[in-house]
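Residue numbers (UniProt numbering): 1 to 335. Backbone N, C-alpha and C define an ideal beta-carbon position, used for all residues, glycine too.
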């Protein structure tokens, strides 16, 4: 096979600027692996880049979108020993970010071509082996949303058994944090505007659920459910518009893991809120990714994929994500 399907997008052109074309299958060069990608998932970041909501995130003049996928190694180039044909793998979020602080801005689906395609080559050292306990779609949730949730809980202030976290909404990051926290012996409070989604969150183990539309003073409702106690980590995916309210729930040694901007601008510009540190979460490196996958295998974590679209319907997948009418992750079938 010499041709494949690939999505190509123009940063700032909107969802209509994401289109699928037939292109050549690449070949693995020295130090690279050719991967047959099988499943991918979307993140809110993909909408940010497509719509140009933040400048400088997209490769010019165009880019292959999406950062999260699972695939099978088909061939390897000279000098590759890390992976072999037949291995199931995740490409890591930022190519070449193996340990320590982030040294590169080559993030998939932005400044580096992403995974919304059927075949791709990657540096072999930027691939992680996927455990047999996870299906392709499940593992395809881990690269961005899963790893972001992992570092929100365990990087700056490691979560301890018996502690509490607060998750905002029921998207991929929040549900991954819920699952990780419960597996680690902690407790979870979660908010949403949908009682149906909150019921599903309870089925996943959420201890306290609050509908923020039914309870406009949702922080007071959460504290009431906790008998006046607070939480230890806030998984902040909303951003600055709700950060003060969320921080009011923190225990004295609590931390805000600042991740998203679903409701406003990021909270990253603030060093602290109400005396609580704001930890800027920027996904994570290969070592973090491998630790997370090992944890998932040990604790039989099964990530939630709500709906799956075929690659030619990628615009519909974007619109479904934008609508907010999902629970967990929106997937793309690349087969």
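Check: Those runs of the alpha helix (DSSP H) which lie wholly inside the segment 238-317 and span at least 4 residues; Outcome: 240-247, 286-299
Check: Neighbourhood of residue 96 by C-beta distance below 8 Å, restricted to the same chain and skipping five residues each side; Outcome: 103, 104, 106, 123, 125, 126
Check: Coarse secondary structure for residue 21, derived from DSSP in three states; Outcome: strand
Check: When 299, 314, 321, 73 are compared against residue 134, the one with the closest alpha-carbon; Outcome: 299
Check: Every unbroken alpha helix (DSSP H) inside the segment 100-156 [4 residues or more]; Outcome: 136-139, 147-154
Check: CB contact flag (residue 173, residue 237, <8 Å); Outcome: yes
Check: Selection from 246, 293, 224, 171 that minimises the alpha carbon distance to residue 323; Outcome: 171
Check: Residues of its chain near residue 286, where Cβ-Cβ distance is below 8 Å and the 5 sequence neighbours each way are ignored; Outcome: 92, 97, 98, 99, 125, 126, 128
Check: Three-state secondary structure assigned by DSSP to residue 16; Outcome: helix
Check: Inter-residue Cα distance where the pair is residue 328 and residue 175; Outcome: 6 Å
Check: Three-pair Cβ contact test at 8 Å for the segment 18-36 versus the segment 63-81; Outcome: yes
Check: Reduced DSSP category for residue 323 - H, G, I as helix; E, B as strand; rest coil; Outcome: helix
Check: Within 8 Å, strictly: CB atoms of residue 165 and residue 232; Outcome: yes
Check: For residue 187, the residue or residues it bridges with in DSSP; Outcome: 164
Check: Nearest-angstrom beta carbon gap, residue 18 and residue 7 [assumed within contact, 8 Å]; Outcome: 6 Å
Check: Nearest-angstrom Cα separation, counted from residue 313 out to residue 50; Outcome: 16 Å
Check: Continuous alpha helix (DSSP H) stretch holding residue 78: start and end; Outcome: Counting along the chain, residue 78 falls outside any alpha helix (DSSP H), and DSSP gives it neither H nor E.
Check: Extent of the continuous alpha helix (DSSP H) to which residue 34 belongs; Outcome: Taken as a continuous stretch (DSSP letters only), residue 34 belongs to no alpha helix (DSSP H), being part of the beta strand (DSSP E) at 32-41.
Check: Cβ-Cβ separation, residue 28 to residue 143 (assumed contact under 8 Å), whole Å; Outcome: Not confirmed; about 20 Å, so no contact.
Check: Beta-carbon separation (whole angstroms), residue 159 vs residue 186, contact threshold 8 Å; Outcome: 5 Å
Check: Beta-carbon proximity list for residue 295, same chain, < 8 Å, skipping 5 on both sides; Outcome: 150, 180, 183, 301
Check: Residues bridged to residue 63 (per DSSP); Outcome: 9
Check: Reference residue 194, options 316, 211, 188, 275, closest by Cα; Outcome: 211
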